[in-house]
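Engineer:
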Amino acid sequence: MKDTPLSNCERQFLLKAVEEKKRVDGRQTYDYRNIKITFGTEYGCCIVDLGKTRILAQVSCELVPPKDSRPTEGILFFNLELSPMASPAFELGRQSELLVKLNRQLERCLRNSKCIDTESLCVISGEKVWQIRVDVHVLNHDGNLMDAASIAAIAALSHFRRPEVAIQGRDITVFTPEERDPIPLSIYHMPICVSFAFFQQGTYLLVDPCEREERVMDGLLVIAMNKHREICSIQSSGGIMLLKEQVLRCSKIASVKVSEITELINKALDNDKRARKEGGKFGFAESMPKERITALKKDEAPVEMTDVQDTANEIISRTEAQPDIVKVPSPVVPAPGTGQVGEGLLNTWGLEEEEDEEEEQHEKEEMSTGEVMVLSDSEEDDVVILNPDANKPKRLEGGSKKGVEAPKKQKTSH
Amino acid sequence: MASVQVSEAEKVYIMHGVRDDLRVDGRGCEDYRHMVIETDVVSNTDGSAKVSLGHSDILVGVKAEIGKPRALVPDEGYLEFFVDCSANATPEFEGRGGEELGIDLSNTLYKVFNNKHSIDLRSLCICPGEHCWVLYVDVLLLQCDGNLFDAISIAIKAALFNTRIPKVHISEDAEGGKEIELSDDPYDCVRLNVENVPCIVTLCKVGQRHVVDATLQEKACSVASLLLAVTHKGMVTCVRKMGGGSLDPESISEMTETGKRVGKALHAPLMDLLKKEEGLGKNRQKVGFLR
Amino acid sequence: MAAGFKTAEPLEYHRSFLKENCRPDGRELGEFRATTLNIGSINTADGSALVKIGNTTVICGIKAELAAPTVDAPESGYIVPNVDLPPLCSSRFRPGPPGEKAQAASQFVADVIESSDVIQKKDLCIEKGKLCWVLYCDIMCLDYDGNLLDACIIALLAALKNAQLPEVTINKETDLAEVDFQKKNRLKINRHPTASSFSVFDDSVIIVDPTAEEEGLSTALMTVVTDEEDRLCMLHKPGGSSLSGEKLQDCINRAVMRNREVSKLIDKVMESVKAKK
Amino acid sequence: MPTDTKRLRGPEESQSPMLFLPPDAQILKASSRDGSRGHADVRPIFARCGLVSQAKGSAYLEAGNTKIICSVYGPRETERKDETDMKSGRLLCDFRLAPFSCLKRGAWIQGNEERDLSVALIESLQPGVCLHRYPRSQIEINVVVLENDGSILAHAVTCASIALADAGIEMYDVVLGCTLRQDGDTCLVDPTFAEESGNWLGGYGENQGRVTVALLPNFNQVSGLHADGEMREDTLTEAVRTCMDGCHKLYPVVQHALLRAVKRKAPPSVK
Amino acid sequence: MEVELCPILRSFGSEQNVLSRPDGSASFVQGDTSVLAGVYGPAEVKVSKEIYDRATLEVVIQPKVGLPSVRERAREQCIRETCEAALLSTLHPRSSLTLILQVVHDDGSLLACYLNAACMALIDAGLPMSSLFCGITCAINTEGQIITDPSVQQEKESRALLTFAIDSVERKVMMSSTKGSFSVKELQQCIAVSQKASEEIFQFYRDSVKRRYSKIM
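Rendered as structure tokens:
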């Protein structure tokens, strides 16, 4: 499916708005949209809503042999998917340019910044390490996927708990959460991406562009930073030229935004922790808004189940009442290893020229083993035998003989 | 594969020429075009060579890596071929366009080397059943001007001649485990015996006769060609009929005979040349890719 | 005339037959096509079977290999069924990786193996946590004329019954496996499931064993898998028009009958081979 | 992490039990053919047309234990529109070895060997087919080897040409294939799998090789020639001749099979 | 022998119009199991997938971890054919409908939850349908007890698992997918139980639509 095109009118309107320091959703230039972070019942699962952009991240782990070059380090694997749900332009399984770019950027932001202690993921050096896999699914695309994805990924990583293991010699025991409490990853810092959209060759700048704004922007600058104001990665795309001052200004803005977002993530993590500790309700089911008109919820309730038994019994007894004492037809075995049951297709064997008959006889007599190949529609039997020097006669073709007994007709009642 | 369109009149012209043993570029039927060979052109390989045959340009790099021997032959190393049809050679190869040809070429190379004498595979064994040398032979097509097979095989032979495999020392530690140590000294290395490496001779049937080292124009006039891989002793290690036409038995035996003669004659000057080039030493002036 | 009618209005053509309680190929509504079974014809496979239901031809070859069991189930082997619909069997399938139909069929066969316990995976274990058998059951369709699933299950069951695995022992000293090709053992077949497929025309008329054409024109397909004790292993109805409990019951009863037919066929064929040896 | 998500997967790694044989045991015994058939004899073959009901034409061929099935679809409109030569048709080939067809289980994904075989098959068949009669169209040949007991390329060529004829594709001549295995001074025509691989890979003798020839019997033209190994030129020439003789021996069977197919399709009118 | 029944549906809920981009979307929650569904269409269709007399429906299941495997492909087929039977796709010939299902959390009865989320999303997209459908999963545990809407733990302890899609018009079985072996009687009981349970879900559909349009009507 194709994306809905943007009309020239819309384009001009959007650009005009940017010039006048206004945004379509009423935000100020440096404003982020609402960020909502929800955690699932499972550890390491989180949904981030950034305005209407929605992203789901799930962290999982697996014991694998380490890479040869780094025998004492765990492996981090990122996989960002653009689900076709997020936009009509996203096709299933296509390696689009955007997808490659986002994946790369996510890796730069989270793996290359060494925010996670990979050495603590080593179980037995050179043999078994934990591979931490982060699956990020874009569910709704309303711009600024990168920021939302980085928030979702780091929040999910911070939320994640891996199973406890015990090592005895070379045997590894993995404990279930019931046996031993799972342990969190050791995270050094939380890098978060902040995107800046530039318009009119860098004259105007917007933080957290929405999808419409992204469509008309000239270039994008993404800064990944942690709350200690350390830049983890910086990347500009779109081919705009920026002044040194502009970049510095952006990094200042980024530092403010990053500390805000970090606080938000920590708060969300704390809330979830508290809810779990107090045995209260948590997870996505709880985060569903109850007041919205589009949402409805129904509490657990037993279903009234009278006469279920009767209905079932009735159906069985009724059909069983039908006489089905039809004899099971017995199969015909024309040659060892081959058999046929059923009626229908007529067989022309023996009806053709005599030569055929002889040939068949000939084969049957000399069949040497029980292994026979039948591959024919019985009406299409053509057998040709070559036996050049008559050393050893060929064994093949057990000719699918027609079922002899009278056809048994059965019916499914209608 | 890169090909050219030839008009009927041109075809007749070329075919008549071939009939009289005079080809468009002045060669006889069994003559190769001018050939330029240079070895040791890529520094980060263990052996490399670049061959230009007419305007066909081929670069071959050989990398030796330690691998595990195949289960059925634990006392031998093995060769891996990969042919990359770069889009530099012809725009047709862009994207995945050259993939099919590349696989076809490498499959043929596997067959050419599918025998016990071309390369002494046992000399590549380090530790039977555990470690052996794997020679990765990477072929890169830089320019296509017909007769790729012959050019590739010559380039491979030159690159293998140039290949130096570091010496290994196996030491056993206390627990009976083996440790492999590579020699640091760049001069402490093993050379391969390439005497038996075959060269491919492709014979194109044009009219009633057949020509060696056909140009693209000549190829367009031929319906069938015969590929023969011939060693210096005249042994044939691979035969393949190519093209959409068929050949009569007489011309097959004629072509095999020619192929053997031409192939046999190719080896001696080639080896001489390679040795001579090596004799110039490390400090010889390199031509590389500027010509 | 009839041929023209058939091409132009295939559905009407079929309806006109169904109205008279019969089908274009002369069968009654509840009638299966002739089913032919041949076993052990592929010598390179550890077990093999070829099944024809009418024109539909399916071949199953079993190859056994050795592997280490998973950490989660150290006492179980593996059974890996895959169904392939190569372009050979019909023009509707293209070369390349398997399409949805082949994948759904593979999953169906895997589910039947799982649900019916044809073979206990524990029986495939050689040494706990160390070594077990992997049974690769590769099923290939050679002629696709409908009712693929029934043919697959018969082929699978017959091939499993036909399979013989060499004896494997673990050498205590070297801790390595040793295989003895002289001693071969048959697999222990736990249960005998068979499948029966039904096709629904115009949301109401049910026919058994549909041909490829009938499958294409019907509004729903259903496959019932039963075992020799008349228990259900699978009621597979991937959508389509809805059926009442009564109708389902009719189909199940027919499937039970079919199970008897097929079991008898497999047994007879097995016997004929044994008698020969 | 490239994994096949379209098939059910087994364990990451599994080995054929044959690798665990005690070292002295041998599975592949290079048979001496004593008494069974002469060195220059082809195995008895069995050929039949028209078994795949859905195909335009099909053939099944069995030679010893080698079992090959082939179906032909088309001619239909070509899929590749950019093809320069639209004046004549194209042959397409999908060549597969069933996973259970060899001693060692094969993968489902088409490997190099299969691609190579399909290229060789097309090269061998092309001279026999009147492709100029099918402009802008393609003819699809699908080959599945059900059991590989040697000489698969040669038999696939024969089988495919029968299937093409059965599909009513116009041809100059049928194409017959024959393989030969050269082992020193002896040559074995139509080798089995054991003979084919035999001690060639193990031994270091001279004159070891394998030759496959495809022949148009009525024109006595060679349409395909594939050889590998290491042979003297005179051995090679001799081998080609022997293979051609082998091909001619198959001709009556193929003829017979086709005659049958034609008779069935157009029964002789009873007057 | 009377079989004991444990006919409890966990608390369930749904929100429609949750995503801004798709033409219809819904989330469906059953206990802790949660699925998000999005529908696009009717829209332009690729020529290769075009059907001349009806819309082409594609169903995509996105697992949470890794790539979709053969199992997902088989479930896609089940859901697609169920939706096809309910949708009046002949009203939109030569067009494409795409239904994407994203697992958010799996705590049992996942296939049923897929079906319910799909139905809610199709309603939200305003696509014409001849009937609604819902999914019910029944587990039969080792004591022969029938449990509706089982959790993962209950699924693990069961010896058979049956999922049905029931249509809203005649309460007949549109789809059936089973695991494990069971007797004919158990099957018929499960069908009857599912038919009863479907009443609750259809009532829920009705209530949520009523609530949604309460301000308009």
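Chains as they are written, first to last, in full-length UniProt numbering: chain A, 1 to 414; chain B, 1 to 291; chain C, 1 to 277; chain D, 1 to 271; chain E, 1 to 217. Beta carbons are placed, not taken as given, at the ideal position from N, Cα and C, and that holds for glycine.
1) Output the residue ranges of the alpha helix (DSSP H) runs that lie fully inside the stretch 157-229 of chain C and measure 4 residues or longer, sorted by chain position.
2) Can you find a C-beta in chain C that's less than 8 Å from the C-beta of N391 (chain A)?
3) Using DSSP with H/G/I as helix, E/B as strand and the rest coil, what is L243 (chain A)?
4) Could you pull out every residue in the same chain whose Cβ sits closer than 7 Å to the Cβ of C125 (chain C), ignoring the five residues on either side in sequence?
5) Cutting at 6 Å between CB atoms, please list the residues of its own chain near V225 (chain C), excluding the five before and the five after it.
6) Taking the beta strand (DSSP E) that N38 (chain C) belongs to, which residues open and close that run?
7) Excluding the 5 residues flanking A57 (chain A) on each side, which residues of the same chain have their C-beta closer than 6 Å to its C-beta?
8) Are any of the Cβ atoms in chain D nearer than 8 Å to that of S69 (chain E)?
9) So N171 (chain C) contacts chain A; which residues on that side make the cut at Cβ distance below 8 Å?
10) What separation, rounded to the nearest whole angstrom, lies between the Cα atoms of E20 (chain A) and L205 (chain A)?
11) With a threshold of 8 Å between beta-carbons, can S116 (chain C) be considered close to chain A, or not?
12) Can you find a CB in chain C that lies within less than 8 Å of the CB of T82 (chain E)?
13) Are the beta-carbon atoms belonging to K111 (chain B) and D94 (chain D) less than 8 Å from one another?
14) For the beta strand (DSSP E) that N140 (chain A) lies in, which residues bound it at each end?
15) By the DSSP assignment, the alpha helix (DSSP H) with Y13 (chain B) in it spans what residues?
16) Please state if the CB of K268 (chain C) and the CB of G339 (chain A) are separated by a distance shorter than 8 Å.
17) For C233 (chain C), which residues in chain E fall below 9 Å Cβ to Cβ?
18) With a threshold of 8 Å, are at least 3 pairs of Cβ atoms found where one atom belongs to the stretch 167-175 of chain D and the other to the stretch 39-58 of chain D?
19) Less than 8 Å between the CB atoms is what I'm expecting for P81 (chain C) and V109 (chain C), so what's the real figure, rounded?
20) Could you check the C-alpha separation between I136 (chain E) and M175 (chain E) for me, to the nearest Å?
21) Between T78 (chain D) and chain E, is there a C-beta pair that is closer than 8 Å?
22) If we ignore side chains and look at the alpha-carbon of each, how far apart do S237 (chain A) and L221 (chain A) end up?
23) Could you compute how far the alpha carbon of K87 (chain D) sits from the alpha carbon of R136 (chain D)?
24) Hey, how far is the Cα of D218 (chain A) from the Cα of D31 (chain A)?
25) Determine whether the Cβ of E245 (chain A) lies closer than 8 Å to any Cβ atom of chain E.
26) Can you list, in chain order, the residues of its chain with a C-beta nearer than 7 Å to that of G209 (chain D)? Leave out the 5 residues immediately preceding and following it.
27) Would H312 (chain A) pass as an interface residue toward chain E - the criterion being a Cβ-Cβ separation below 8 Å?
28) Whose C-beta lies closer than 6 Å to the C-beta of G13 (chain E) among residues of the same chain, with five residues either side of it excluded?
29) Going by the CB atoms, is the gap between E214 (chain C) and I207 (chain C) shorter than 8 Å?
30) Exposed or buried, which one is C9 (chain A) when buried takes at least 16 other CB atoms within 10 Å?
31) Where does A8 (chain C) fall in DSSP's three states?
32) State whether the stretch 150-170 of chain B contacts the stretch 50-65 of chain B, with contact taken as three or more CB pairs (one from each stretch) at a distance under 8 Å.
33) Would DSSP call I192 (chain A) helix, strand or coil?
34) Could you have a look at V174 (chain D) and say whether DSSP puts it in helix, strand or coil?
35) In the DSSP output, which residue or residues are listed as bridge partners for P302 (chain A)?
36) What does K64 (chain E) touch in chain A if you count any residue whose Cβ is under 7 Å from its own?
Structural biologist: In this structure, then:
1) Taken in chain order, the unbroken stretches of alpha helix (DSSP H) that lie wholly in the stretch 157-229 of chain C and span 4 residues or more are 212-217.
2) Stepping through the first sequence from its first residue, residue 391 (chain A) is reached at position 391. Low confidence applies here, because N391 (chain A) scores a pLDDT of 36, under 50, leaving its location unreliable; read the following figure in that light. Taking Cβ atoms only, chain C never reaches closer than 8 Å to N391 (chain A), which makes this a no.
3) In the first sequence, the residue the question calls residue 243 (chain A) occupies position 243. When secondary structure is reduced to three states using DSSP, L243 (chain A) falls in the coil class, being assigned neither helix nor strand.
4) Here residue 125 (chain C) refers to the residue found at position 125 of the third sequence. Closer than 7 Å at Cβ, skipping near neighbours: P69, E75, S76, G77, C132.
5) Taking the third sequence and counting its residues from 1, one reaches residue 225 (chain C) at position 225. If the five residues before and after V225 (chain C) are omitted, its C-beta is found closer than 6 Å to the C-beta atoms of V112, P193, A195, C233, M234, all from its own chain and listed in chain order.
6) Numbered from its first residue, the third sequence carries residue 38 (chain C) at position 38. DSSP places N38 (chain C) in the uninterrupted beta strand (DSSP E) bounded by 35-39.
7) Within the first sequence, numbered from 1, the residue matching residue 57 (chain A) stands at position 57. The residues are C46, V136, A152, A153, A156.
8) To locate residue 69 (chain E), count along the fifth sequence from 1; it is residue 69. Cβ-Cβ to chain D under 8 Å: yes for S69 (chain E).
9) Taking the first residue of the third sequence as position 1, residue 171 (chain C) is located at position 171. Near N171 (chain C) there are no residues of chain A at all, since even the closest Cβ is about 21 Å away, more than 8 Å.
10) For the purposes of this step, residue 20 (chain A) is taken as residue 20 along the first sequence, with counting starting at 1. For the purposes of this step, residue 205 (chain A) is taken as residue 205 along the first sequence, with counting starting at 1. The alpha-carbon separation between E20 (chain A) and L205 (chain A) amounts to approximately 12 Å.
11) Your numbering for residue 116 (chain C) matches position 116 in the third sequence. No, S116 (chain C) lies away from the interface with chain A (no Cβ there is under 8 Å from its Cβ).
12) Along the fifth sequence, one-based indexing puts residue 82 (chain E) at 82. Residue-level contact by beta carbon holds for T82 (chain E) and chain C, with a gap shorter than 8 Å.
13) On the second sequence, position 111 is the one that residue 111 (chain B) refers to. On the fourth sequence, position 94 is the one that residue 94 (chain D) refers to. In this structure, D94 (chain D) does not lie closer than 8 Å to K111 (chain B) by Cβ.
14) Residue mapping note: residue 140 (chain A) aligns to position 140 of the first sequence, counting from 1. Its beta strand (DSSP E) spans residues 128-140.
15) Here residue 13 (chain B) refers to the residue found at position 13 of the second sequence. Counting along the chain, the alpha helix (DSSP H) containing Y13 (chain B) begins and ends at 8-19.
16) Start at 1 with the first residue of the first sequence, and residue 339 (chain A) comes out as number 339. Start at 1 with the first residue of the third sequence, and residue 268 (chain C) comes out as number 268. The answer is yes: Cβ separation under 8 Å.
17) Within the third sequence, residue 233 (chain C) is the residue found at index 233, counting from 1. Under the 9 Å cutoff, chain E gives T178, G180, S181, F182.
18) As far as the Cβ criterion goes, the stretch 167-175 of chain D touches the stretch 39-58 of chain D, which means the pair count is three or higher.
19) Here residue 81 (chain C) is taken as the residue at index 81 of the third sequence, counted from 1. Here residue 109 (chain C) is taken as the residue at index 109 of the third sequence, counted from 1. Indeed they touch by this definition, with Cβ atoms about 4 Å apart.
20) Against the fifth sequence, residue 136 (chain E) aligns to sequence position 136. Against the fifth sequence, residue 175 (chain E) aligns to sequence position 175. C-alpha separation (whole angstroms): 10 Å.
21) Residue numbering aside, residue 78 (chain D) sits at position 78 when the fourth sequence is read from its first letter. No, because no Cβ of chain E sits closer than 8 Å to the Cβ of T78 (chain D).
22) Counted from its first residue, the first sequence places residue 237 (chain A) at position 237. Counted from its first residue, the first sequence places residue 221 (chain A) at position 221. Note on geometry: alpha-carbon atoms of S237 (chain A) and L221 (chain A) lie some 6 Å from one another.
23) Here residue 87 (chain D) refers to the residue found at position 87 when the fourth sequence is read from its first residue. Here residue 136 (chain D) refers to the residue found at position 136 when the fourth sequence is read from its first residue. Their backbone Cα atoms lie some 6 Å apart in a straight line.
24) In the first sequence, the residue the question calls residue 218 (chain A) occupies position 218. In the first sequence, the residue the question calls residue 31 (chain A) occupies position 31. Roughly 19 Å between the two C-alpha positions.
25) Within the first sequence, the letter at position 245 stands for residue 245 (chain A). No, E245 (chain A) lies away from the interface with chain E (no Cβ there is under 8 Å from its Cβ).
26) Taking the fourth sequence and counting its residues from 1, the one referred to as residue 209 (chain D) is at position 209. Taken in chain order, the residues that qualify are Q182, A227, D228, G229, E230, M231.
27) Locating residue 312 (chain A) in the first sequence gives position 312, where the first residue counts as 1. A small fix is needed here, since residue 312 (chain A) is Ala in this sequence, not His. Interface annotation, A312 (chain A): in contact with chain E, CB-CB separation under 8 Å.
28) Translated into positions along the fifth sequence, residue 13 (chain E) becomes position 13. Closer than 6 Å at the Cβ level, and outside the excluded window around G13 (chain E), lie V29.
29) If you number the third sequence from 1, residue 207 (chain C) lands on position 207. If you number the third sequence from 1, residue 214 (chain C) lands on position 214. Closer than 8 Å, so yes.
30) One-based indexing of the first sequence puts residue 9 (chain A) at position 9. With fewer than 16 Cβ atoms within 10 Å of its Cβ, C9 (chain A) is classed as exposed.
31) Counted from its first residue, the third sequence places residue 8 (chain C) at position 8. In the structure shown, A8 (chain C) sits in a helix (DSSP, three-state: H, G or I).
32) Counting Cβ pairs under 8 Å, three or more are found: they touch.
33) On the first sequence, position 192 is the one that residue 192 (chain A) refers to. Looking at I192 (chain A) - three-state DSSP - the assignment turns out to be strand.
34) Working through the fourth sequence from its first residue, we reach residue 174 (chain D) at position 174. Coil at V174 (chain D), not helix or strand.
35) Along the first sequence, read from residue 1 onward, the residue named residue 302 (chain A) stands at position 302. BP columns for P302 (chain A) point to E:I8.
36) As a first step, residue 64 (chain E) is located in the fifth sequence; it is residue number 64 there, counting from the start. Chain A residues near K64 (chain E): Q58, D135.
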